[in-house]
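Trainee: Next up is a structure, given as structure tokens.
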Amino acid sequence: MKVESRIFEIITAFFFLAAIVYTVLAQEPVGIAALFLTGGLSLIIGTYFRFVSRRLEARPEDNPEAEVSDGAGDVGFFSPGSYWPIGVAACAALCGIALAFWHVWLLVIGGVLLLFAIGGLVFEYHIRPAEH
Numbered sequence: 011m012k013v014e015s016r017i018f019e020i021i022t023a024f025f026f027l028a029a030i031v032y033t034v035l036a037q038e039p040v041g042i043a044a045l046f047l048t049g050g051l052s053l054i055i056g057t058y059f060r061f062v063s064r065r066l067e068a069r070p071e072d073n074p075e076a077e078v079s080d081g082a083g084d085v086g087f088f089s090p091g092s093y094w095p096i097g098v099a100a101c102a103a104l105c106g107i108a109l110a111f112w113h114v115w116l117l118v119i120g121g122v123l124l125l126f127a128i129g130g131l132v133f134e135y136h137i138r139p140a141e142h
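Be aware that the sequence shown starts at 11, since it is given in our numbering, and climbs by one per residue.
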């Protein structure tokens with residue numbers, strides 16, 4: 011995760027530098043706030059990655075002398091036939107539409123459905139087997 015944290019640290023430096031230059035040249039408050047907040051958000055992500063990388067063992071991506079074969083093997087478990095991501099996307103789209111037209115009732119329904127779909131996605135393989 012050190013590579014990822016370094017990428018976000020570079021992005022953070024870029025946004026803060028751009029915010030300073032924008033402050034001097036444009037003096038437009040909304041753009042200044044947006045650039046400084048973007049730099050702050052990327053700083054949060056980079057700091058999180060740096061913190062997590064200390065707790066994990068070194069990965070092949072973190073070793074500059076690693077070979078391609080060092081990264082071979084299973085990366086993780088990915089569901090081959092899950093329909094839950096479609097439900098999550100549909101509920102997120104419903105929430106986006108509700109926000110765009112500011113229908114609070116639709117936002118509440120979409121939020122509840124979104125929580126249900128996220129729960130289904132997360133706990134898809136943690137359901138007890140059916141008893142016969």
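No residue lacks a Cβ here, since even glycine has one placed at the ideal position from N, Cα and C.
1) Answer with buried or exposed for Ser79, where buried requires no fewer than 16 other C-beta atoms within 10 angstroms of its C-beta.
2) Short of 7 Å in beta carbon distance, which residues of its chain neighbour Gly49, apart from the five on each side in sequence? Order them along the chain.
3) Starting from Gly129, follow the alpha helix (DSSP H) in both directions and report where the run begins and ends.
4) Per DSSP, what kind of secondary structure is Asp80 in: helix, strand or coil?
5) Quick one: residues in its chain with C-beta nearer than 6 Å to the C-beta of Gly97, no 5 flanking neighbours on either side, listed in chain order?
6) Check this for me: beta carbons of Cys105 and Gly120, under 8 Å apart or not?
7) Does DSSP put Ala36 in a helix, in a strand, or in coil?
Mentor: Straight from the coordinates:
1) Translated into the one-based positions of the sequence shown, residue 79 becomes position 69. Ser79 is exposed by the Cβ-count criterion.
2) The sequence position of residue 49 within the sequence shown is 39, counting from 1. The residues are Thr22, Phe25, Phe26, Ala29.
3) Locating residue 129 in the sequence shown gives position 119, where the first residue counts as 1. Where Gly129 is concerned, the enclosing alpha helix (DSSP H) stretches over 114-132.
4) Counting from 1 along the sequence shown, the entry for residue 80 is found at position 70. Asp80: helix per DSSP, three-state reduction.
5) Translated into positions along the sequence shown, residue 97 becomes position 87. The residues are Ala127.
6) Stepping through the sequence shown from its first residue, residue 105 is reached at position 95. Stepping through the sequence shown from its first residue, residue 120 is reached at position 110. Cys105 is a Cβ neighbour of Gly120, given a cutoff of 8 Å.
7) Position 26 of the sequence shown, counted from the first residue, corresponds to residue 36. Coil.
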